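Single-structure report; data block below.
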Amino acid sequence: MTPRLRARGVSRRFGALVAVDGVELDVMSGEVHAVIGPNGAGKSTLLGILAGEVRPDAGEIFLDGQRVTGLDTARRARLGMARSFQVTAIVQDLTALQNAMLAVIAAERGRIPGLGRPAMADPTLLAAAREALRAVGIEGAADVAAGSLAHGAQRQLELAMALVGRPRVLLLDEPTAGTGPDEGRAMIELLRRVKTTPGGGPSMVLVEHDLDAVFALADRITVMAQGRVIACGPPEAVRTDPLVRAAYLGDAHR
Amino acid sequence: MDTILILTQALNGLQLGVMLFLMAAGLTLVFGIMNLINLAHGALYMAGAYLAAAAYGWTGSFLAAVALAVAGTAALGAAIELAALRGLYRRDHLDQVLATFGLILFLNEAARLVWGPAALFVPVPAALAHTVAILPGVPYPAYRLAIIAVGVAVAGGLYLLIARTRLGMLIRAGASNRTMVAALGVDVGLLYTAVFALGAGLAALAGAMAAPILSVEPGMGEPILILTLVVIVVGGIGSIRGAFAGALLIGCVDTIGRAFLPSMLRAVLAPSASAAVGPALASMLIYLTMAVVLALRPRGLFAARTG
Amino acid sequence: MDRRATWLLALLAAGLLPLATDALGQPYYLAFATRIAVFAIAALALDLVLGYGGLVSLGHAAFLGIGAYSVGIWSSHGVTSAAVHWATALAVGACYAAATGIVALRTTGVAFIMITLAFGQMLFFLAVSLKAYGGDDGMTLWQGARLGPLDLADDRTLYWVALAWLAAFLALGRRLVAARFGLVLRGAKSNERRMRALGFTPTRHRLAAYVLSGAMASIAGCLLAHATDFVSPSYMGWQRSGELVVMVVLGGLATLHGAIIGAAVLLALEEALAGLTVHWMLILGAVLVVVANVSRRGLLGLGATSRGPR
């Protein structure tokens, strides 16, 4: 079976630093694939390469067997690759609803955004945007400026925007970062629901520091250290891998 | 085409280039370190020219006049930085545009108030008022050669300042990482004022040296400001090396284009057409150069940093 | 006062103005109002890219020049039809905006400011070198423009025509910014990275807005030439571009009607200061420095902040 998302021999250096070094990654359909590793392991760079924000020096990226290496972020997004950022990226001075509307407009495809009917009076657009907010449980905050939402709600809004248009792949950069314990648990629960969406959820690449979140969600885990993949497998196998314990888990618990 | 003319025009281009470098170095430093777009940089050039003209009148010595102009404008720059620009570093570029546009109006009008609307003319210093034979039988004004020499010397000095001194180290660090400089325990406010005053002094040097070859009048800073903006866009905003390369490129393209483009067009177009198109195209040449550079390298020849 | 009442009042005032200036025997103020309407159109066009798109164009006076020279060049060849002038201005303005926009929009932020300023200056020098059309000195238009039965040399007719253009552009602008297009433009201004991750290519929307804005401002240039019967490179000097930015900022960004208020305030301020002293630019310059340092939202913003958060 063709993996949904595949990275082949991906490398990227910044000056003398090799941030990502010959990484291979296969993410299957519907799989939650966590990428973990100590700080500076190259996880975020890898995510950037997958999303098309960082250009790799070598290697190829395939989406459902189609080569997307040369495509920019916007083109990949239109092919069904959505993402969240480590620092929440929402449009701060628009309302939560307007943010969701932007995601809906992006998913409408094709036409250059209409000059016709006022967006705020377009029932189809509004309904779809409200639905997106409801899916992550923040419909009550629809008319609040996104920038003044609580941090956890901002992350939920970002996820809501990423989910509009039912992406094939969801790239998540530390979705629980900066949230309180309750907000973090709520985010894990939300992602679990996304994973079990009726009709199949998106494949997810989850870069995460919080190992509770990782073990709660991941079907498989790839462990990186110093830009390389040092282990890949189901959570139990990774948890007991001596190489991983030495390079990462031991490190984290020292 | 005759080689003597080419040589003369190349020197003219070089002379414009070093002037532009003096302007661009200050502007690009101020942007690189304080993230400030200072449209009033041309007004500081004008201030340098006026102060030089006035000081020449008092002292009778051109050297003293230039020194006074540079020192006075540096002080003026520091005062402006403290009074009007300090609060704008973290703000939108739009607020900076508004404030520095206001400063242009203010300074131009202040010059008109003090020295009147008519242009002042400053004589070329007697010691340099002759020509030098750069090749046998090819005379070139000594004063313009002196400008080139001073410009090159200042470029070298600036390089040493930035590469070798503590201030230079802070400038380099500040251009790439502002918060880091603050974390080093440096008085950032003082550094900013010093950099702004340095930029003002360089602009004044250019203005003072230009005083004998241009007319000194209100608004004289803006044409050179716009050329300077082209220079730093071409060179890469925030990069001193880029400013140097951009200044020489734009200086030469502009001078040589104006000198030779019309006659080159005469070779391919009818005389009446080339007479109409030639000057127009020559005056647009640097902007077209800028467009080409940006089309190939959107961040300029020497992109200094991201963001 | 609610919004609709404010608009109605503004419309009523605009309608009664010619009667009032007639009654008072002050035709000068009618011409002054026309001038405000003309600059309001240009400022409104600029607000579309500056306020909504976050693109600080410091070269918008170039479009005034394109409009003015469309009138001037046609008139000097005996073509006095305003329809021809306007169509030319719209087409040339849009093409120039597209050509320079493609280059300038490869950059953002401060580089965009510098490049638009440079391109504006390029057009200025082009106009200076047009010796056949007055060069540096500009040229006087001896024949007034006509639109069918309307004679635009008549002050009152021109006032109505300028007002009609302003109303049309205001309506068009409001429609645009309320549509999907406006939402995308504002999203890209505030968080480009998110917009790209959603699949937008914001440059296209910005270019569309820039081209539209350029075409609108070119019409303002035509009207300026109709109003002054004179065309010169000074119409597109960089100072004029700066004034347009000042108008938009004074009136409040991203409001459209704020641009109209800003145009009225700046022109009235210039007029009042000029009556006070020949060195009025000294005062205006200082005012701008203070406004930039104190207020973030222009004059309307000053009022809004004093009334607490919105």
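Residue numbers (this note's numbering), protein chains in the order written: chain A, 104 to 357; chain B, 95 to 401; chain C, 759 to 1068.
Here a beta-carbon is modelled for each residue, glycine too, at the ideal position from N, C-alpha and C.
As the structure is a computational prediction, the values presented were derived from the model and not from experiment.
Asked: Do you know whose CA, among F797/C, S971/C, M1039/C, lies nearest L934/C's CA?; Found: S971/C
Asked: R738/C versus chain B: which residues are under 8 Å apart at the beta carbon?; Found: The shown model of chain C, from 759 to 1068, leaves out residue 738/C, and the question about it has no answer.
Asked: Closest Cβ-Cβ distance between A192/A and chain C: below 8 Å?; Found: yes
Asked: How about M1039/C and A820/C: do their beta carbons lie closer than 8 Å?; Found: no
Asked: Determine, using beta carbons only, whether L274/A and M131/A come nearer to each other than 8 Å.; Found: no
Asked: Considering only the beta carbon of each residue, do G126/B and G332/B sit closer than 8 Å?; Found: yes
Asked: Check whether the Cβ atoms of A144/A and E127/A lie closer than 8 Å to each other.; Found: no
Asked: Quick one: give me the first and last residue of the alpha helix (DSSP H) that D313/A is part of.; Found: No alpha helix (DSSP H) contains D313/A, which DSSP labels as neither H nor E.
Asked: I want to see whether chain B comes within less than 8 Å of L766/C, judged by CB atoms only; does it?; Found: no
Asked: Is there a Cβ from chain C that is less than 8 Å from the Cβ of S147/A?; Found: no
Asked: Of the residues H187/B, G171/B, G372/B, which one's Cα is nearest the Cα of L292/B?; Found: G171/B
Asked: Looking only at its chain, what residues have a beta carbon closer than 7 Å to the beta carbon of G401/B, apart from the 5 residues adjacent to it on each side?; Found: Confidence at G401/B is low in this model, with a pLDDT of 32, below 50, so its placement is unreliable and no value can be given for it.
Asked: Please classify V171/A as buried or exposed, where buried requires at least 16 neighbouring CB atoms within 10 angstroms.; Found: buried
Asked: Applying a beta-carbon distance threshold of less than 7 Å, which residues of chain B neighbour S887/C?; Found: P373, A374, S377
Asked: If we define contact as Cβ-Cβ less than 8 Å, is F958/C a contact residue for chain A?; Found: yes
Asked: Which of helix, strand or coil does DSSP assign to M184/A?; Found: strand
Asked: For my contact list, V325/B and A118/B are in at a C-beta cut-off of 8 Å; report their separation, rounded to the angstrom.; Found: 4 Å
Asked: In angstroms with no decimal places, state the Cα-to-Cα distance between A862/C and Y968/C.; Found: 10 Å
Asked: Can you pull the chain C residues whose beta carbon is under 9 Å from the beta carbon of A370/B, in chain order?; Found: S887, L888, K889, A890
Asked: Please confirm whether Y237/B has its beta-carbon closer than 8 Å to some beta-carbon of chain C.; Found: no
Asked: Could you tell me which whole alpha helix (DSSP H) segments of length 4 or greater appear in the segment 229-317 of chain B?; Found: 236-258, 260-270, 272-277, 282-304
Asked: Going along the segment 183-211 of chain B in order, which residues come within less than 9 Å of chain C, judged by CB to CB distance?; Found: R185, D186, H187, L188, D189, Q190, V191, L192, A193, T194, F195, G196, L197, I198, L199, F200, L201, N202, E203, A204, R206, L207
Asked: Could you check if W900/C is buried or exposed, using at least 16 other CB atoms within 10 Å of its CB as the buried criterion?; Found: exposed
Asked: Within the 8 Å Cβ cut-off, does L112/B reach chain C?; Found: In the sequence under discussion, the amino acid at residue 112/B is Val, which differs from the Leu named in the question. Cβ-Cβ to chain C under 8 Å: no for V112/B.
Asked: My output table needs one value for E234/A: the three-state DSSP class, helix, strand or coil.; Found: helix
Asked: For V201/B and A137/B, I'd like the C-alpha separation in whole angstroms.; Found: It should be pointed out that residue 201/B corresponds to Leu in this sequence rather than to Val. Near 6 Å, if we compare the C-alpha coordinates of A137/B and L201/B.
Asked: Out of curiosity, what's the CA-to-CA distance linking L788/C and D805/C?; Found: 25 Å
Asked: Chain A partners of G735/C, CB-CB under 7 Å?; Found: Lying before the first or after the last residue shown, residue 735/C is absent from chain C, which here runs from 759 to 1068.
Asked: How is the alpha helix (DSSP H) around L65/A delimited, first residue to last?; Found: Absent from the structure is residue 65/A, since the part of chain A shown begins at 104 and ends at 357.
Asked: Identify the residues that DSSP records as bridge partners of D276/A: which are they?; Found: V310/A
Asked: Over the uninterrupted beta strand (DSSP E) stretch that includes F165/A, give me the two end residues.; Found: 161-166
Asked: Please confirm if M128/B has its CB atom under 8 Å from at least one CB of chain C.; Found: no
Asked: Does DSSP put S839/C in a helix, in a strand, or in coil?; Found: strand
Asked: State the beta-bridge partners of L108/A as determined by DSSP.; Found: V130/A, L166/A
Asked: Just checking: is the beta-carbon of P1067/C within a distance shorter than 8 Å of some beta-carbon in chain A?; Found: With a pLDDT of only 32 at P1067/C, under the threshold of 50, the placement of this residue in the model should not be trusted, and no figure is reported.
Asked: When the Cα atoms are used, what is the spatial distance from H356/A to G140/A?; Found: Residue placement at H356/A cannot be trusted, given a pLDDT of 46 that sits under 50; what the coordinates show is reported in the next sentence. Distance between the alpha carbons of H356/A and G140/A is about 13 Å.
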